[in-house]
Structure formats: structure tokens, C-alpha cells
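Worksheet: one structure, shown below.
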Amino acid sequence: MKSKKIDLRIIKTKKALYESLLILMREKPFEDIKVSDICERAYINRSTFYTHFEDKYMLLDSLIKDLKESLKEELEKNKNISNSKEYYIELIKILLDHMEMKKEIYTPIMINNKNSIAMDMIYDTLNEDIIKRLKQDAILNHKKIPSEFIAKFYLGAIINIGFDFIKNKNHYTRKEVLTYLEELLPE
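First residue of the sequence shown: 6, per the working numbering; consecutive thereafter.
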């Protein structure tokens, strides 16, 4: 019974630290944020912070790893699709939905701070999913083109569309993005 209480406290502490970091990242660049700023905002002692993280970089890394796991879970829903067009459209829907659902995380990290770690996380996660899909599904495999090349081709478009969607919220609606993709992607 005691271990559940400890786990709950750890979860609450990490959540408070994540939220504080994100709030601060909306206000100023990550490099200007101090551990003391994060602790003060979270109402947590510095010693508690250092019990969980070595520094603010480890905190950000942990936050991004949690975001990656969440995105991976969502991508698992995209398994039972028979053709490449449907797969890529569903992949983009999942990414846009995830970015919308987690915009309080994506916006301060990717837009306000242009953090390359977050971009790398999205790139790696989507790349893994696309390559796994290409290797599993003979329909999507092109014998003349390596799967890594195909993944990079689609990945560039997907990431740019996702980044533009979250950065320029009023530029294109989710529905417009998906309609345009329906036209652009071949059967």
C-alpha cells in the first residue's frame, strides 16, 4: 500500500515540474530558465527536484520521452489499413490530433523555443512507424526504392504539415489539411 502512495507522489511531483517548465517556456527561452524558477513555479524544493532530475535538461528530456510514448500509443491505432494513401492520411490525422491534444506541450517546446530535441522525437517516432509499416506490408513496399528513402520522403511532408498546423493555427483547418492531402497523395 505504501508503494502506491510513493508512486502517486512521484507522479504528482513530475507533473508539477513538467507544467512549471512548460509555463516558463511560454514566457522565455529554455536557456534562460533556471532550476530555481521551475521549483518556485511548481512549489517544490530544489532538493525534491534533484531527487528526480540531474538538471533542467533531464527534466525536458523526460517530458519529451513521455510525449514520445504517448505519440507511439496513438500510432498503434493505425495498423489495420490496407493501402498507402489511407495509411499516410491516418498517420497525419493521428499527428494533428496528438499535437492538438497536447498543444500545451508542443507549443512552448516547438514554437516558442524551437527545440530540436522535440523535432527529433517526432521525426524518430514517425520514421520508426513508417519503416515498420513498409517492412510489414508488401503492398507499400517498392522493390526499386529503399524503404528508408520512402520514409524520408513522406516524413518531410508530414513533419512540415504538422509543424505548420501547430504554428499557424488559423492558416489551414484540420479539415482543409486532410482534404488537400486526399488530393495530393496517390492511390
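Glycine included, C-beta positions come from ideal geometry on N, C-alpha and C.
Proximity of the segment 101 to 112 to the segment 69 to 82 meets the contact definition, three or more beta-carbon pairs being nearer than 8 Å. Within the same chain, Cβ atoms closer than 6 Å to the Cβ of D134 are found at L80, the five residues on either side in sequence being excluded. Counting C-beta pairs closer than 8 Å gives fewer than three between the segment 52 to 68 and the segment 80 to 94, which falls short of the contact rule. Scanning the segment 78 to 144 from its first residue to its last, the whole alpha helix (DSSP H) runs of 4-plus residues come out as 89 to 106, 108 to 111 and 121 to 141. In the three-state reduction of the DSSP assignment, N165 falls in the helix class. The beta carbon of Y48 lies closer than 8 Å to those of A21 in the same chain, with the five residues before and after it left out. With 16 or more other Cβ atoms from the protein chains shown falling within 10 Å of its own Cβ, S25 counts as buried. Separation of I171 and K180 (C-alpha to C-alpha, rounded to the nearest whole angstrom) is 14 Å.
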